[in-house]
Amino acid sequence: MPSPPSLSPLQLLRIQKCFPNAWNQKRFPTPLPLSPSPPPTQETALLSLLRSIEALSFAGHLSDAFAAFSLLLRRSPPAFSLLRPVSSLLRVAASQRALIQGEQLHARIISLGFQTHPILVAKLVSFYCELGLLKEARVVVEGARDARAVPWNLLIRACNRRGFWKDAIFSYKMMCELGVGADVFTYPSVLRACGEVFDLNLGKVIHGCVNKRGLEWDLYVWNSLIGMYVKCEAVDVAREVFDEMGERDVVTWNCMISGYASEGTWEKAFELLQLMPENVRVNTITWNTVLAGNLQMGNYVEVIRLISQMANDGLNVDYVTLVIGLKACSRVENVKVGKEIHGLAIRLGLNEIENITNALITMYSKSRNTNHAYVLFRMSLFRSLVTWNAMLTGFGHMGRVEEASLLFREMIFSCVRLNYVTIITMVLLSAHIENLRYGSGLHCFIIKRGFEGYQLVQNSLVDMYSKSGKMSDARKVFGIIRFRDKIPYTSLILGYGKLGQGITSLKLFDKMVTHGIDPDHITMVAILASCSHSGLVTQGQILFEKMVTVYGIIPKVEHFSCMVDLYCRAGLLKKAEEIIGKMPLRASAAMLATLIEACRVHGNIEIGERAAKKLLNMRSNDPSHYILIGNFYSYARFWPELAMVKSVMRDMGLRNSPSCSWLDKEYGLCRFKLDDMLTQQENSNLMLLGVLSDHMKDDCYAADEEKKYDEAVGG
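Residue numbers (UniProt numbering): 1 to 715.
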């Protein structure tokens, strides 16, 4: 838009002549000249600058506040008027960590002679503590010679924040030497430092000072006393302080319960939890502590109940609570409650947290819902090493070796770095299927990746080779273990025992004991099983007696099972029945099944019939047990009983799971069953089996195996 044309003075005059007379007669008063305002007084200027410094400091404008302070100093104000602006400037300098400006203010304070002023001393100490300059703060405090506790409290608290617990205690002792009296804010800080460095003696001295000063009314101090005693592992003394308190708050109860939890005396922690009044609300941290204690003690059902109570009472549930609950569900294989916790995690928006995802994968895997776990694994946005290991362990738990093998290969080519847990999981899987070729390749991978130095990996390799029957390789790995414990010895003992070399197992057992390694219940199971497989009845009986008298191991069901198997293999069926009847524990279904099969082999109908009735009364869910009973009844020609067994299996919905074998093909491990004759891939497997069978015959493998079998059974 064009700008309007400008008018000359002559043109304006002509236009004014055209105005109405009323306009021309209008006279406006001539404005009076403005008189100059009087200059501000000294007092007014000082007040204005002081207000400006306060406002700028409050707003955090440090440079502008310092500029105003410089103008203030030019006017030579009285010294007392500088107290407030200096205090404000120190505060903003501390908040902005402005060391140079703070040191300038410190110098100004000294020049003004205010280095002992209580307010400025506290501000200086706070400034230096905020910047972590504790030595400078200590110089200020000691130079002030102030009898007040405030600057000392600031210094002690700053030492605690930095983790300098001994410096905090030293400051307290210096404070006492200078005759400065501690207050209710001093004791909690010093007591915390005492707890962190386990200085129980000083803590007791402070406890005496608290009693002398009559501070039993201060909850903050007494809660700190309980915390100090708990940290110093004097939980009984902490309980005495707890019982002496006339008033307790939620911190008191939480601290005392956490103290029992840290000591591992979970019964007292649970008892104290029941004594809490209804108006006291336990915080989430204490609840998680109690839940973790129940989990550690194996009270998995109680963990689930407490989490349900927390949810019903409207208490805050965090991801730690959910992880503990999922672990409890995985231990008892309670997938129903596990799914409820999964839904709660989704509602709270916690389902994408890595710890929750890993716990869910583990829970579904151990609850035999590996497909659910695998879906979660694939849906997770970020898969850490723990996530991969959880999924691998889940496949291993279900014996799904082919899926684990494929996942392991995928993991190798991903960006995740493997750790020894991954390696151990795969070695254990290899031991499970007893695939020597796969295990040897895995061993090469371990050496290539530098995991051969981990003792847990070495122990698992010994176990793998022992279960595969390759005892020479197992002994080689055993020989490179620097610090041998009972684990590799147990693997070797069990491996030789499976091969019928019980004498070698006994020598290894004696060598282990000679080296000062005491056996545990697992080692005793291994050596008793070795005696059983080798027919060493006398040695097995002696070891079973020594287990209690020499090694102090109380026999469990597994040990009695080994003795039953020992007697059954030797044909001593009456002794086997006696040990089942006299054992203080309830006989397992596997023990009775072993006795029934031995009775069929040795032709003892009487004992076998009694054992079969006991096993039927157990209502086992294992179909193989009913098949053993059926085979025994068929051998004994008990046809009505055989029909009854088949009827029971139908009513219970039990079917015999066919056995499977493994082929290690170029694309990975392949499982096949006897009735797998449908798909093209399975037909190719059968063709491969035929080729292998021909090779075995050509190499006289069958004749050699028959000879070995005859030698083993003494034929």
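Even glycine gets a Cβ: it sits at the ideal position worked out from N, Cα and C. Every value quoted in this text rests on a predicted model; they were computed, and no experiment measured them.
Considering only residues of the region 158 to 189, which uninterrupted alpha helix (DSSP H) runs meet the minimum length of 4 residues and lie entirely inside it, listed in chain order? Correct list: 165 to 177.
By how many angstroms is the C-alpha of Phe-198 removed from the C-alpha of Trp-165? Using only the alpha carbons, I get a separation of about 10 Å.
Between the C-alpha atoms of Val-317 and Ala-373, what's the straight-line distance to the nearest angstrom? A direct Cα-to-Cα measurement between Val-317 and Ala-373 gives close to 23 Å.
Is it true that the CB of Ser-126 sits closer than 7 Å to the CB of Ala-94? Cβ distance < 7 Å, so Ala-94 and Ser-126 count as in contact.
Proximity below 7 Å, CB of Cys-129 to CB of Ala-98: Result no, Cβ atoms of Cys-129 and Ala-98 do not sit closer than 7 Å.
Would you mind giving the Cβ-Cβ distance between Trp-266 and Gly-293, rounded to the nearest angstrom? I have them listed as a contact below 8 Å. Right, the Cβ-Cβ distance comes to about 4 Å (below 8 Å), so this counts as a contact.
Own chain partners of Met-245 with C-beta closer than 6 Å, once the 5 adjacent residues on each side are dropped: Cβ within range, chain order: Trp-222.
Measure the Cβ-Cβ separation of Val-564 and Met-583 and say whether it is below 7 Å. Remark: C-beta atoms of Val-564 and Met-583 do not approach each other more closely than 7 Å.
State the start and end residues of the unbroken alpha helix (DSSP H) segment that holds Thr-116. Note, Thr-116: premise wrong, no alpha helix (DSSP H); not H, not E.
Compute the Euclidean distance between the alpha carbons of Val-537 and Ala-570, then round it to the nearest angstrom. Taking the straight line from one Cα to the other gives about 7 Å.
Suppose the cutoff is 7 Å on Cβ atoms and the five residues either side in sequence are ignored; what does the same chain contact list for residue 731 look like? Outside the shown range of the chain, which is 1 to 715, sits residue 731, and nothing can be said about it.
Buried or exposed: which applies to Lys-212, given that a residue is buried once 16 or more other Cβ atoms fall within 10 Å of its Cβ? Label assigned to Lys-212: exposed.
With three or more beta-carbon pairs closer than 8 Å as the criterion, would you say the region 571 to 578 touches the region 545 to 562? By the criterion of at least three beta-carbon pairs nearer than 8 Å, the region 571 to 578 is not in contact with the region 545 to 562.
Suppose the cutoff is 6 Å on Cβ atoms and the five residues either side in sequence are ignored; what does the same chain contact list for Gly-325 look like? For Gly-325, where only same-chain residues beyond five positions count, the Cβ hits under 6 Å are Ile-307, Ile-341.
How about Gly-394 and Ser-365: do their beta carbons lie closer than 7 Å? The answer is yes: Cβ separation under 7 Å.
Given this structure, state the Cα-to-Cα distance separating Leu-134 from Gly-113, to the nearest angstrom. Those two C-alpha atoms are separated by around 23 Å.
Pro-151 in three-state terms, based on DSSP: Collapsing the DSSP output to three states places Pro-151 in a helix.
Could you name the residues of the same chain whose beta carbon sits closer than 6 Å to that of Asp-502, not counting the 5 residues immediately before and after it, in chain order? Strictly speaking, residue 502 in this sequence is Gly, with Asp absent from that position. Ser-530, Cys-531, Ser-534, Leu-536.
Nearest candidate by alpha-carbon position, reference Ala-65, set Arg-248, Ser-76, Ser-87, Ala-474: Here the closest residue by C-alpha is Ser-87.
Between the alpha carbons of Leu-506 and Ala-526, how many angstroms are there, rounded? Going from the Cα of Leu-506 to the Cα of Ala-526 covers about 10 Å.
May I have the straight-line CA-CA distance separating Asp-243 from Leu-225, to the nearest angstrom? Asp-243 and Leu-225: Cα-Cα distance of roughly 13 Å.
Going straight from the alpha carbon of Leu-360 to that of Val-335, what length do you get? C-alpha separation (whole angstroms): 10 Å.
Contact under 7 Å by Cβ, Ser-472 with Leu-492: Note that the C-beta distance between Ser-472 and Leu-492 is not below 7 Å.
For Val-421 and Pro-519, what's the separation of their Cα atoms in angstroms? Taking the straight line from one Cα to the other gives about 25 Å.
Return the first residue and the last residue of the alpha helix (DSSP H) that Pro-640 is part of. Unbroken alpha helix (DSSP H) run through Pro-640: 639 to 652.
Assuming Val-648 contacts Tyr-633 under a Cβ cut-off of 8 Å, what Cβ separation, rounded to an integer in Å, is found between them? Val-648 to Tyr-633, Cβ: 12 Å. No contact.
Taking all protein chains shown into account, decide if Pro-151 is buried (16 or more other Cβ within 10 angstroms of its Cβ) or exposed. Counting Cβ neighbours within 10 Å, Pro-151 comes out buried, since at least 16 surround it.
Suppose you measure from the CA of Cys-599 to the CA of Glu-578; what does that come to, to the nearest Å? Separation of Cys-599 and Glu-578 (C-alpha to C-alpha, rounded to the nearest whole angstrom) is 14 Å.
Given that a residue counts as buried once 16 or more other Cβ atoms are within 10 Å of its Cβ, and exposed if not, what is Tyr-667? Confidence is the limiting factor: at Tyr-667 the pLDDT is only 47, short of 50, which leaves the residue's position unreliable and the question unanswerable from this model.
DSSP state of Phe-413, grouped into three classes? Here Phe-413 sits in coil by DSSP.
Looking at Val-386 and Asn-419, is the spacing between their C-beta atoms short of 7 Å? A distance of 7 Å or more separates the beta carbons of Asn-419 and Val-386.
Once you ignore the five residues that flank Leu-131 on each side, which residues in its own chain have a CB closer than 8 Å to its CB? Same-chain partners within the cutoff: Ala-94, Arg-97, Leu-99, Gly-102.
Spatial neighbours of Ile-119 within its chain, please: CB distance less than 8 Å, with the 5 preceding and 5 following residues excluded, ordered by chain position. By the criterion of a C-beta distance shorter than 8 Å, Ile-119 is surrounded in its chain by Leu-83, Ser-87, once the five residues flanking it on both sides are discounted.
Three-way DSSP call (helix, strand, coil) for Val-550 in this model: Residue state, collapsed to three classes: coil.
Please report the residue range of the alpha helix (DSSP H) in which Pro-584 lies. Following the DSSP letters along the chain, one finds Pro-584 in no alpha helix (DSSP H), marked with neither H nor E.
For a test of the three-state rule: what should DSSP assign to Gln-104, helix, strand or coil? DSSP places Gln-104 in the helix class (H, G or I) of the three-state scheme.
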